[in-house]
Amino acid sequence: MATKTNQTTTKKTTTKRRKRTTTKNKKKLVIVESPSKAKTIGKYLGRTYKVVASLGHVRDLPKSRMGVEIDNNYKPDYISIRGKGDVIKELRRDAKNAKAVYLASDPDREGEAIAWHVSNLLKMDDSEKNRVTFNEITKDAVKEAFKEPRTINMDLVDAQQARRVLDRLVGYSISPILWKKVKKGLSAGRVQSVALNLIIQREKEIRNFKPEEYWTIDAEFAKGKDHFQASFYGENGKKMPLANNEAVQKVLGKLDRKKPFNIDKVERKERRRLPQPPFTTSTLQQDANRRLKFRTRKTMMAAQQLYEGINIGEGAAVGLITYMRTDSTRIAGIAKHEASQYIHDQYGAEYAATKPVKGKLPEGAQDAHEAIRPTSVFRTPAKMKQYLTPDQYKLYNLIWCRFVASQMTAEVIDTMTVTISQNNVNFRANGSKVKFAGFTKVYKRGQDKDNILPNLEVGDQVTMISDDPSQHFTQPPARYTEAALVKTLEENGVGRPSTYAPTLDTIQRRYYVRLVSRHFEPTELGEIVNDLIEKNFPEIANANFTADVEGDLDKIEEGQKDWVKVVDAFYKPFAKEVSTAEEKAEKIEMRDELAGENCDICGAPMVIKMGHYGKFIACSRFPACRNTKAIVKDTGIPCPKCGKGTVVERKSKRNRVFYGCSRYPDCDFVSWDKPVGRNCPKDGHFLVEKKVKGGKQVVCPNGDYKEEVQK
Numbered sequence: 000m001a002t003k004t005n006q007t008t009t010k011k012t013t014t015k016r017r018k019r020t021t022t023k024n025k026k027k028l029v030i031v032e033s034p035s036k037a038k039t040i041g042k043y044l045g046r047t048y049k050v051v052a053s054l055g056h057v058r059d060l061p062k063s064r065m066g067v068e069i070d071n072n073y074k075p076d077y078i079s080i081r082g083k084g085d086v087i088k089e090l091r092r093d094a095k096n097a098k099a100v101y102l103a104s105d106p107d108r109e110g111e112a113i114a115w116h117v118s119n120l121l122k123m124d125d126s127e128k129n130r131v132t133f134n135e136i137t138k139d140a141v142k143e144a145f146k147e148p149r150t151i152n153m154d155l156v157d158a159q160q161a162r163r164v165l166d167r168l169v170g171y172s173i174s175p176i177l178w179k180k181v182k183k184g185l186s187a188g189r190v191q192s193v194a195l196n197l198i199i200q201r202e203k204e205i206r207n208f209k210p211e212e213y214w215t216i217d218a219e220f221a222k223g224k225d226h227f228q229a230s231f232y233g234e235n236g237k238k239m240p241l242a243n244n245e246a247v248q249k250v251l252g253k254l255d256r257k258k259p260f261n262i263d264k265v266e267r268k269e270r271r272r273l274p275q276p277p278f279t280t281s282t283l284q285q286d287a288n289r290r291l292k293f294r295t296r297k298t299m300m301a302a303q304q305l306y307e308g309i310n311i312g313e314g315a316a317v318g319l320i321t322y323m324r325t326d327s328t329r330i331a332g333i334a335k336h337e338a339s340q341y342i343h344d345q346y347g348a349e350y351a352a353t354k355p356v357k358g359k360l361p362e363g364a365q366d367a368h369e370a371i372r373p374t375s376v377f378r379t380p381a382k383m384k385q386y387l388t389p390d391q392y393k394l395y396n397l398i399w400c401r402f403v404a405s406q407m408t409a410e411v412i413d414t415m416t417v418t419i420s421q422n423n424v425n426f427r428a429n430g431s432k433v434k435f436a437g438f439t440k441v442y443k444r445g446q447d448k449d450n451i452l453p454n455l456e457v458g459d460q461v462t463m464i465s466d467d468p469s470q471h472f473t474q475p476p477a478r479y480t481e482a483a484l485v486k487t488l489e490e491n492g493v494g495r496p497s498t499y500a501p502t503l504d505t506i507q508r509r510y511y512v513r514l515v516s517r518h519f520e521p522t523e524l525g526e527i528v529n530d531l532i533e534k535n536f537p538e539i540a541n542a543n544f545t546a547d548v549e550g551d552l553d554k555i556e557e558g559q560k561d562w563v564k565v566v567d568a569f570y571k572p573f574a575k576e577v578s579t580a581e582e583k584a585e586k587i588e589m590r591d592e593l594a595g596e597n598c599d600i601c602g603a604p605m606v607i608k609m610g611h612y613g614k615f616i617a618c619s620r621f622p623a624c625r626n627t628k629a630i631v632k633d634t635g636i637p638c639p640k641c642g643k644g645t646v647v648e649r650k651s652k653r654n655r656v657f658y659g660c661s662r663y664p665d666c667d668f669v670s671w672d673k674p675v676g677r678n679c680p681k682d683g684h685f686l687v688e689k690k691v692k693g694g695k696q697v698v699c700p701n702g703d704y705k706e707e708v709q710k
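Per numbering that gives the first Met the number 0: the sequence shown = residues 0 to 710.
See the structure below:
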């Protein structure tokens, strides 16, 4: 009996040991969005943690139907996203075998919603402190964040949910009307409708613009051997416009170039130019577009990579910038201290600002995260260049320079304004010279050059060397670039940092607008859609109304408003507009335009159709005959290869313009650059036209031959 008892005791002890060992070996599970982020964080946390990726959202509204129970407090009907089945199974299995589960998605509304959806799928306890957030992916920041996990912030989740439900109600209510009244495949959305409307309103301003004539008189003056430029200002000290040539001749008639001109006034001032604050998402998108020619989507992709971690040869990848979706210009104290130390060491104490510039937050800004900055200012772009792709390097350099400059002193410029007169006719000359470079040592704001005037004093006399009257006409407002449109959307309070890139992408994919020379132009289809929305849903296209909705979403996030009430206040009047539009909106006939040629296959007339990527030619007997052709623009230039055909402008699958022979496939001539119809005088190769800064240049692809830039 004693032996049996001992055996039983031994078995129980062994079982307990096994259980203890199994529990001890279990790892803590951390769930993030992306594999690259998971890889970076995993190396920081060590072996006791397992870090996996959900690959973005795991649940969403169904695509095949509205998915919102309008009569049940707008309850969303979430389903697992198609194709995410295996990911969800893996997450459930890992969670079951984990010692603890942490949700470490991005620190914004979208990230909070992802964490909440994952928590629901894994049936986690809502009261459990399992949410971890960090503003930068560095070892210290990540480890510090895991010391203080919190519960999921349901106010953030509700704000994201309200936005998702509102966008679904708008999109799935208006889109069917567009299909019925215009054509299938169209879509409408809250923010995209405002963006489209802004582009079209600007186009209308351009069409209705009436240029006005005006003239200027530039003159060259000399004091001894020193020559300088001045421009006509007015008469008797008062500014006077020159409306026409008659006014110019009257002014010139009062002048005698043989007689000296008097220096009546010399005004010397010192001007200080302050640096700009560090980047927010919006200002980063704008500056990357202006300076780097980056599209908004490209900027955000490169920024995401820099944030999630780059392998810089230190054993583990490291996040090079702070979180890139922010509307704040706030900077952490430790980052300011680092920047000050770096500026003192590299440039000297006179360049380090004692009170760095503070940016003014736009109305409705949340100030939830810091500005976009390098996680360490000592990781200079020059040191990081070897680890980055060209695009990553360009963006990192821009972010680093802007941040360092924001912590530096102002640029000091000596300015000089001189008034020159004869017979009460006034000319003015403006000069400037940089006295102290300040922040421009790191980050130049423009291409300003010194314009140094000779040493002039009141009472001096100068000679007019020449005068140059010029006729001008006022110009219409410029079409929106991506940078200008993002700035306007932000100024109007429309959308939030994370929405700009997908919004601009959507209106281009739907072919509502197209980018021509980096400026947005509306298409015929875009104008038709905008017109229908403006007439039937005026508030959807109204920037102020959309901004008010954004304000309500912010109040939901702050816990000041109930999301159901916000959605209800929007939807009730909107539903009436939908009902009226379904009955009264006129059907728009999009008639096919004859292409002026017959089908090669069946002989029926070919017509011009509108597709996702623009217009194309198709057989009028479709679907019986499916013959299609791309619309080509004939340049009239003889083909450099065969001489029989002409060079035509075509578009690649990626919408890039290239040039080929009209006799294709009989002749396979192709060129990215436009031939000009002449051959190189050096080697006989055909010359092409290339775009360069300031205009176009004719060059030989084979050699060094170049012709002057055409301005």
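Just so it is clear, CB atoms sit at the ideal spot from N, CA and C, and this is done for glycine as well.
### Message
In chain order, what are the residue ranges of uninterrupted beta strand (DSSP E) at least 3 long that sit wholly in the region 448–510?
### Response
Within the region 448–510, the complete beta strand (DSSP E) runs of at least 3 residues fall at 460–472.
### Query
When DSSP builds the beta bridges, which residues end up paired with Phe278?
Position 279 of the sequence shown holds residue 278. The bridge partners DSSP lists for Phe278 are Ile371.
### Message
Can you give me the C-alpha to C-alpha distance between Pro664 and Cys641, rounded to a whole angstrom?
### Response
Here residue 664 is taken as the residue at index 665 of the sequence shown, counted from 1. Here residue 641 is taken as the residue at index 642 of the sequence shown, counted from 1. The alpha-carbon separation between Pro664 and Cys641 amounts to approximately 12 Å.
### Query
Is the distance from the Cβ of Lys421 to the Cβ of Leu241 below 8 Å?
In the sequence shown, residue 421 corresponds to position 422, counting from 1. In the sequence shown, residue 241 corresponds to position 242, counting from 1. Per the sequence shown, residue 421 should be read as Gln rather than Lys. No, the Cβ-Cβ distance between Gln421 and Leu241 is not below 8 Å.
### Query
Since Gln304 is in the alpha helix (DSSP H), which residue starts that stretch and which ends it?
What you label residue 304 is simply residue 305 of the sequence shown in a count that begins at 1. For Gln304, the enclosing alpha helix (DSSP H) starts and ends at Thr295 to Glu307.
#### Entry: For Pro476 and Val688, the rounded distance between their alpha carbons
In the sequence shown, counting from the first residue as 1, residue 688 sits at position 689. In the sequence shown, counting from the first residue as 1, residue 476 sits at position 477. At residue 688 the sequence reads Glu, which differs from the Val that was named. In a straight line, the C-alpha of Glu688 is about 29 Å away from that of Pro476.
### Query
With a CB to CB cut of under 7 Å and the five nearest residues on each side skipped, what residues in its chain are close to Leu319?
Along the sequence shown, read from residue 1 onward, the residue named residue 319 stands at position 320. Taking Leu319 as the centre and dropping the five residues before and after it, the same chain places the C-beta of Leu305, Ile309, Pro373, Thr374, Arg378, Met383 and Tyr395 closer than 7 Å to its C-beta, in chain order.
#### Entry: Whole-Å CB distance - Asn491 paired with Ala546, under 8 Å assumed
Counted from its first residue, the sequence shown places residue 491 at position 492. Counted from its first residue, the sequence shown places residue 546 at position 547. Taking the Cβ atoms as the reference, Asn491 lies roughly 6 Å from Ala546, within the contact range of under 8 Å.
### Nearest residue (CA-CA) to Pro453, options Lys434, Val417 and Gly314
Translated into the one-based positions of the sequence shown, residue 453 becomes position 454. Put simply, of Lys434, Val417 and Gly314 the residue whose alpha carbon is nearest the alpha carbon of Pro453 is Val417.
### Query
Starting from Arg149 and walking both ways along the beta strand (DSSP E), at which residues does that stretch end?
Residue 149 sits at position 150 when you count from the first residue of the sequence shown. Arg149 -> no beta strand (DSSP E), and no H or E assigned at all.
### Query
Using DSSP with H/G/I as helix, E/B as strand and the rest coil, what is Val181?
In the sequence shown, residue 181 corresponds to position 182, counting from 1. Residue state for Val181 is assigned as coil, using DSSP reduced to three classes.
#### Entry: Reduced DSSP secondary structure (H/G/I, E/B, other) of His116
One-based indexing of the sequence shown puts residue 116 at position 117. Looking at His116 - three-state DSSP - the assignment turns out to be helix.
### Task
Confirm, please, whether the CB-CB distance from Leu155 to Glu127 is below 8 Å.
Sequence index remark: in the sequence shown, residue 127 carries index 128 (1-based). Sequence index remark: in the sequence shown, residue 155 carries index 156 (1-based). It is not a contact, given that the beta carbons lie outside the stated cut-off.
### Query
In chain order, what residues of the same chain have a beta carbon less than 7 Å from the beta carbon of Val164, not counting five sequence neighbours either side?
The sequence position of residue 164 within the sequence shown is 165, counting from 1. Only Val67, Tyr73, Pro75 and Val566 meet the Cβ criterion.
### Message
When you compare the CB positions of Leu552 and Ala114, do they come within less than 8 Å of one another, or not?
### Response
On the sequence shown, position 553 is the one that residue 552 refers to. On the sequence shown, position 115 is the one that residue 114 refers to. Cβ distance not < 8 Å, so Leu552 and Ala114 don't count as in contact.
### Message
Let me make sure I understand the geometry here. Which of Glu576, Ile30 and Val606 has the alpha-carbon closest to that of His56?
### Response
As a working mapping, residue 56 is identified with position 57 in the sequence shown. Checking every option, the nearest Cα to that of His56 belongs to Ile30.
### Message
Can you check which of these residues, Gln406, Thr414, Ala500 and Lys83, is closest to Phe438 by C-alpha distance?
### Response
Counting from 1 along the sequence shown, the entry for residue 438 is found at position 439. The candidate whose alpha carbon is nearest that of Phe438 is Gln406.
### Query
Where does Gln284 land, buried or exposed, given buried means 16+ other C-beta within 10 angstroms?
If you number the sequence shown from 1, residue 284 lands on position 285. It counts as buried.
### Residues of its chain near Gly458, where Cβ-Cβ distance is below 7 Å and the 5 sequence neighbours each way are ignored
Counting from one through the sequence shown, the residue named residue 458 turns up at place 459. Ile262.
### For Val646 and Leu524, the rounded distance between their alpha carbons
Taking the first residue of the sequence shown as 1, we reach residue 524 at position 525. Taking the first residue of the sequence shown as 1, we reach residue 646 at position 647. Cα-Cα distance, rounded: 29 Å.
### Task
Report all residues from its chain with a CB closer than 8 Å to the CB of Arg58; omit the five preceding and five following residues, and keep chain order.
Here the question's residue 58 lines up with position 59 in the sequence shown. The residues are Tyr77, Ile78, Ser79, Ile80, His116, Asn119 and Leu120.
### Task
Kindly indicate the opening and closing residues of the beta strand (DSSP E) around Met415.
Translated into positions along the sequence shown, residue 415 becomes position 416. According to the DSSP assignment, Met415 belongs to the beta strand (DSSP E) that extends over Glu410 to Gln421.
### Query
So what does DSSP say about Gly635, is it helix, strand or coil?
Here residue 635 corresponds to residue number 636 of the sequence shown, with the count starting at 1. Under the three-state reduction of DSSP output, Gly635 falls in the strand class.
### Task
Look at the Cβ atom of Phe668, then the Cβ atom of Cys638, and state whether they are nearer than 8 Å.
On the sequence shown, position 669 is the one that residue 668 refers to. On the sequence shown, position 639 is the one that residue 638 refers to. Their beta carbons are under 8 Å apart, which means Phe668 touches Cys638 by this criterion.
### Query
Residue range of the alpha helix (DSSP H) that Asp76 falls in?
Position 77 of the sequence shown, counted from the first residue, corresponds to residue 76. If you look at Asp76, you'll find it isn't in any alpha helix (DSSP H); DSSP assigns it neither H nor E.
### Task
Look up Leu102 in the DSSP assignment and give the residues it is bridged to.
Along the sequence shown, one-based indexing puts residue 102 at 103. Bridge partners of Leu102: Ile30 and Arg130.
#### Entry: Enclosing beta strand (DSSP E) for His226 [first to last residue]
The count along the sequence shown starts at 1 and reaches residue 226 at position 227. For His226, the enclosing beta strand (DSSP E) stretches over residues Asp225 to Glu234.
### Query
Do Lys531 and Leu177 have their CB atoms nearer than 8 Å?
The residue given as residue 531 occupies position 532 in the sequence shown. The residue given as residue 177 occupies position 178 in the sequence shown. Looking at the sequence provided, one finds Leu at residue 531 rather than Lys. A contact, by the Cβ cut-off of 8 Å.
### Message
For Phe569, tell me which candidate among Asp70, Leu168 and Asp93 has the shortest Cα-Cα distance.
### Response
By 1-based counting over the sequence shown, the position of residue 569 is 570. Nearest to Phe569 by alpha-carbon distance, out of Asp70, Leu168 and Asp93, is Leu168.
### Query
What separation, rounded to the nearest whole angstrom, lies between the Cα atoms of Arg296 and Ala500?
Indexing the sequence shown from 1 puts residue 296 at position 297. Indexing the sequence shown from 1 puts residue 500 at position 501. The alpha-carbon atoms of Arg296 and Ala500 are separated by roughly 5 Å.
#### Entry: Sheet register partners of Thr388 (DSSP bridge)
The residue you call residue 388 lines up with position 389 of the sequence shown. DSSP output for Thr388 lists no bridge partner at all.
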